[in-house]
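Notes to accompany the following structure.
Residue numbers (the numbering used here): 1415 to 1478.
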(Lines of atoms letter the chains of each structure in order from A and count residues from 1; the text may use other names and numbers.)
(Lines give C-alpha, C1' and ligand atoms only; values in the text may rest on other atoms or scores of the structure.)
Protein backbone atom coordinates (compact mmCIF):
# COMPACT_ATOMS: atom_id res chain seq x y z
CA UNK A 1 0.00 0.00 0.00
CA UNK A 2 2.54 2.69 0.99
CA UNK A 3 3.61 3.65 -2.51
CA UNK A 4 4.90 7.04 -1.33
CA UNK A 5 7.96 6.65 0.84
CA UNK A 6 9.59 9.70 2.31
CA UNK A 7 8.39 13.25 2.78
CA UNK A 8 9.84 14.36 -0.58
CA UNK A 9 7.66 11.87 -2.50
CA UNK A 10 4.57 12.84 -0.50
CA UNK A 11 5.19 16.56 -1.07
CA UNK A 12 5.84 16.02 -4.77
CA UNK A 13 2.65 14.01 -5.19
CA UNK A 14 0.59 16.68 -3.39
CA UNK A 15 2.45 19.64 -4.92
CA UNK A 16 2.79 21.08 -1.41
CA UNK A 17 5.72 22.18 0.72
CA UNK A 18 6.98 20.03 3.57
CA UNK A 19 5.71 22.53 6.14
CA UNK A 20 2.23 22.46 4.58
CA UNK A 21 2.12 18.65 4.53
CA UNK A 22 3.25 18.50 8.16
CA UNK A 23 0.54 21.01 9.10
CA UNK A 24 -2.07 18.88 7.29
CA UNK A 25 -0.84 15.76 9.09
CA UNK A 26 -1.15 17.49 12.47
CA UNK A 27 -4.44 19.29 11.99
CA UNK A 28 -6.40 17.71 9.13
CA UNK A 29 -5.99 13.94 9.56
CA UNK A 30 -3.88 13.77 6.40
CA UNK A 31 -3.21 10.09 5.55
CA UNK A 32 0.49 9.77 6.29
CA UNK A 33 2.44 8.22 9.11
CA UNK A 34 6.01 7.63 10.19
CA UNK A 35 7.16 4.03 10.05
CA UNK A 36 10.67 3.29 11.19
CA UNK A 37 11.52 6.98 11.13
CA UNK A 38 10.35 7.46 7.53
CA UNK A 39 7.15 9.14 6.36
CA UNK A 40 4.88 6.90 4.30
CA UNK A 41 1.57 7.38 2.54
CA UNK A 42 -0.47 6.09 -0.37
CA UNK A 43 -1.71 7.88 -3.47
CA UNK A 44 -5.19 6.32 -3.24
CA UNK A 45 -5.57 7.35 0.40
CA UNK A 46 -4.52 10.91 -0.43
CA UNK A 47 -6.99 11.02 -3.34
CA UNK A 48 -9.80 9.80 -1.08
CA UNK A 49 -8.82 12.34 1.61
CA UNK A 50 -8.87 15.18 -0.94
CA UNK A 51 -12.28 14.12 -2.29
CA UNK A 52 -13.68 14.02 1.25
CA UNK A 53 -12.33 17.50 2.06
CA UNK A 54 -13.70 18.95 -1.18
CA UNK A 55 -17.08 17.31 -0.66
CA UNK A 56 -17.38 18.65 2.90
CA UNK A 57 -16.47 22.19 1.83
CA UNK A 58 -18.98 22.13 -1.02
CA UNK A 59 -21.76 20.84 1.23
CA UNK A 60 -21.01 23.56 3.79
CA UNK A 61 -21.00 26.23 1.10
CA UNK A 62 -17.46 27.29 1.90
CA UNK A 63 -15.58 26.43 -1.26
CA UNK A 64 -12.80 28.94 -0.49
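Virtual Cβ for every residue (Gly too), placed ideally from N, Cα, C.
Within the same chain, Cβ atoms closer than 8 Å to the Cβ of residue 1445 are found at 1455, 1456, 1459, 1460, 1462 and 1463, the five residues on either side in sequence being excluded. Rounded to whole angstroms, the gap between the alpha carbons of residue 1417 and residue 1423 is 9 Å. Looking only at 1428, 1421 and 1442, the smallest Cα-Cα distance to residue 1470 is reached by 1442. Per DSSP, the beta-bridge partners of residue 1453 are 1448.
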